[in-house]
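Residue numbers (my numbering): 2 to 85. Even for Gly, the Cβ is constructed at its ideal location relative to N, Cα and C. For reference, the structure discussed in these notes is given below.
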């Protein structure tokens, strides 16, 4: 199972598109958890992450997210990436 990590900075709109593309993987049991690693956003990035049920890490970047990951594998994505 995958832990998906997404590092963000003021990416609420792009983050929403990326999270939407992960729904299929979560339903199929491929995605274990999604961790949004914020680097100081001043927009509503945190609300998008929390509304989607993601773990939101407010500081520490990707390294902090990796420490929280529960999956066997890590997948690092940029906000705006879409999985097909």
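Neighbourhood of residue i by C-beta distance below 6 angstroms, restricted to the same chain and skipping five residues each side
| i | result |
| --- | --- |
| residue 76 | 3 and 5 |
| residue 20 | 53 |
Inter-residue spacing [alpha-carbon to alpha-carbon] between residue i and residue j
| i | j | result |
| --- | --- | --- |
| residue 37 | residue 58 | 6 angstroms |
| residue 46 | residue 10 | 8 angstroms |
| residue 12 | residue 49 | 10 angstroms |
| residue 31 | residue 43 | 31 angstroms |
| residue 35 | residue 72 | 10 angstroms |
| residue 81 | residue 14 | 8 angstroms |
| residue 33 | residue 23 | 11 angstroms |
| residue 74 | residue 64 | 15 angstroms |
Local conformation of residue i per DSSP, three classes
| i | result |
| --- | --- |
| residue 75 | strand |
| residue 31 | coil |
| residue 42 | coil |
| residue 22 | helix |
| residue 16 | helix |
Minimum C-alpha distance to residue i - residue among the options
| i | options | result |
| --- | --- | --- |
| residue 85 | 26, 12 and 9 | 26 |
| residue 86 | 28, 24 and 51 | Residue 86 falls outside the range modelled here, since the chain spans only 2 to 85, and no answer is possible. |
| residue 41 | 66, 61 and 68 | 61 |
Contacts around residue i, its chain only, beta-carbon distance under 7 angstroms, and the 5 residues preceding and following it disregarded
| i | result |
| --- | --- |
| residue 18 | 81 and 83 |
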